[in-house]
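In my numbering, the protein residues as written are 418 to 999.
C-beta atoms are modelled at their ideal positions from N, C-alpha and C, and glycine is treated no differently.
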């Protein structure tokens, strides 16, 4: 029975059906019934779930946060990502979603041991000298246990939560369906591009679920940053790491969160020096390597004795290409030089489409105001974080969406500067950025890169040059013979043709049924024999029966045709999305 009320575009297995109905009920209960009914306008669907007590007094952003928390880990993760994108959702929603918390109980140690045996063929008692049965921390994706290797090295072991992959895959399928419906619901939702957001979220979440990806991130980060003075990178234990289990060196130190909250711990370290170490490290990650820690919040940075700084948790890393780094450097450089038009051009190249709402004059005026507000400040007062936050507000105002990886870079720089200024309020961030800007400019003028790319493509270029005269001769010959033709392809005209055909077919069938009904009614009124009963015309009643039967057949055929059309449209959209991502 449940399968009969499910919308097209979703799997028909019981797990998906039950989860979809739960999500729809929860959306309705938290005040999003208008959206839920648009996602699935089925009048037989009953809103059995009542609004949780006290939610009537909450604002709509608060209700969204509470709804995400109730719906579980996938929606909490989505909310955490959306909280970093005020350029896509409004700032009140973004600020509220930063308060998202996970209420997740740890899973039993017996399941932990079973997963380790499945991954490595041996129980933890044989693989480790010591293994704590009590988890250090539990989250939606997995939980962490302390352990000690047989050589005495202390480690932490991250174990993926059993069944979490299936749960998240089901939620992602439903999210894609809801995102598609949201785009049809209103232009404001369509401008947010929810299907693209879900696709990006699904990609990042798939990497977070696979601990091999985090292990690869840690190895690359170790390669790039292990030689940096006053920095330590945790070691990966590769032989005890796989898809579901990650083992890495345990860090004994003080997190930045505890240091900022405890003056006694803060007194143990040279915070001004560590502020420069942390900021320089992030600038080096971005501008030298294009591979950076994308979640450098205070809980993910530890301080060790001897003023050593350590990044932990490598599940969320960012990448920026050389071209994207050059554009970002040019934005800062043009801002410092007061080149408004050039700065605007570079900022537009950092967006997804390069398009914006409004006029170019208004955009450049706002960019000029941003520059004037910051350019004449003393060096210790200029804040790169403040400039980036103003740029994000500018993007939001003109309906521009920053590229996701660049947004991660913005947030990483903003976060690390806030931490640095917490350690040293007089931190001259612009002076620290200048050397990296000069380095990127010099790298752009280095001819060795161009020569290397030319040599890499030399064989292909030579082949193209060899065939060019023949190709040109063929074109000229066809032109002289009058055989040169221009082909113009019309995309999606078949949809218009199909729509016109279906509309004409439905109109003709409707006219046929209407004619039968009118004719039957006239026969009944005229009392044309033979009769059924006293005065009821048998021919007229027979005409009504035929009309009713034809109406039922037409309705069934239209329903099937509509389902087929919706399936084809969803399939087409997915194919177009895949082409765009490629």
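Query, Result
"Where residue 653 sits in the DSSP three-state scheme", "strand"
"DSSP state of residue 574 mapped onto helix, strand, coil", "strand"
"For residue 521, the three-state DSSP class (helix, strand or coil)", "coil"
"Identity of the residue in 625, 596, 624 nearest residue 615 by Cα", "596"
"Beta-carbon proximity of residue 529 to residue 562, cut-off 8 Å", "yes"
"N-terminal and C-terminal residue of the alpha helix (DSSP H) that residue 666 is part of", "Element bounds for residue 666: not the alpha helix (DSSP H) but the beta strand (DSSP E), 662 to 666."
"Distance between beta carbons of residue 677 and residue 839, contact taken as under 8 Å", "6 Å"
"Simplified DSSP assignment, three categories, for residue 418", "Note that residue 418 scores 41 on pLDDT, short of 50, meaning its location in the model is unreliable; the coordinates nonetheless yield the value given after this. Reduced to three states, the DSSP call for residue 418 is coil."
"Residue 741 versus residue 823: straight-line alpha-carbon distance, rounded", "8 Å"
"Cut-off 7 Å between Cβ atoms - residues of its own chain near residue 956, not counting five sequence neighbours on either side", "940, 945"
"Coil, strand or helix - residue 959 by DSSP", "helix"
"As assigned by DSSP and simplified to three states, the class of residue 1003", "This structure leaves residue 1003 out entirely; the chain is present only between 418 and 999."
"contact_flag[the segment 687 to 703, the segment 829 to 845] where n(CB pairs < 8 Å) is 3 or more", "yes"
"Assigned secondary structure, residue 731 (DSSP; H/G/I helix, E/B strand, else coil)", "coil"
"Residues near residue 761 in its chain [Cβ-Cβ closer than 7 Å; skip 5 each side]", "780, 781, 784"
"Ordered list of alpha helix (DSSP H) runs contained in the segment 798 to 862, each at least 4 residues", "801 to 814, 821 to 840, 846 to 862"
"Contact check, residue 532 vs residue 649, beta carbons under 8 Å", "no"
"Alpha-carbon to alpha-carbon, residue 577 and residue 733", "16 Å"
"Straight-line gap, residue 710 to residue 825 (C-alpha atoms, nearest Å)", "9 Å"
"Backbone secondary structure at residue 687 - three-state DSSP", "coil"
"Backbone secondary structure at residue 565 - three-state DSSP", "strand"
"Residue 743 classed as buried or exposed, judged by whether at least 16 other C-beta atoms fall within 10 angstroms", "buried"
"DSSP three-state assignment for residue 736, whether helix, strand or coil", "strand"
"Same chain only: Cβ atoms within 8 Å of residue 629, ignoring 5 sequence neighbours per side", "658, 659, 660"
"Anticipated Cβ contact below 8 Å, residue 575 with residue 545, distance rounded", "Incorrect: roughly 14 Å between the Cβ atoms, too far for contact."
"Rounded Cβ spacing between residue 717 and residue 708 (contact assumed at less than 8 Å)", "Not quite, the Cβ-Cβ distance comes to about 16 Å (not below 8 Å), so this is no contact."
"Neighbour-count burial assignment, residue 964, 16 or more Cβ in a 10 Å radius", "buried"
"Residue 760 - DSSP class collapsed to helix/strand/coil", "helix"
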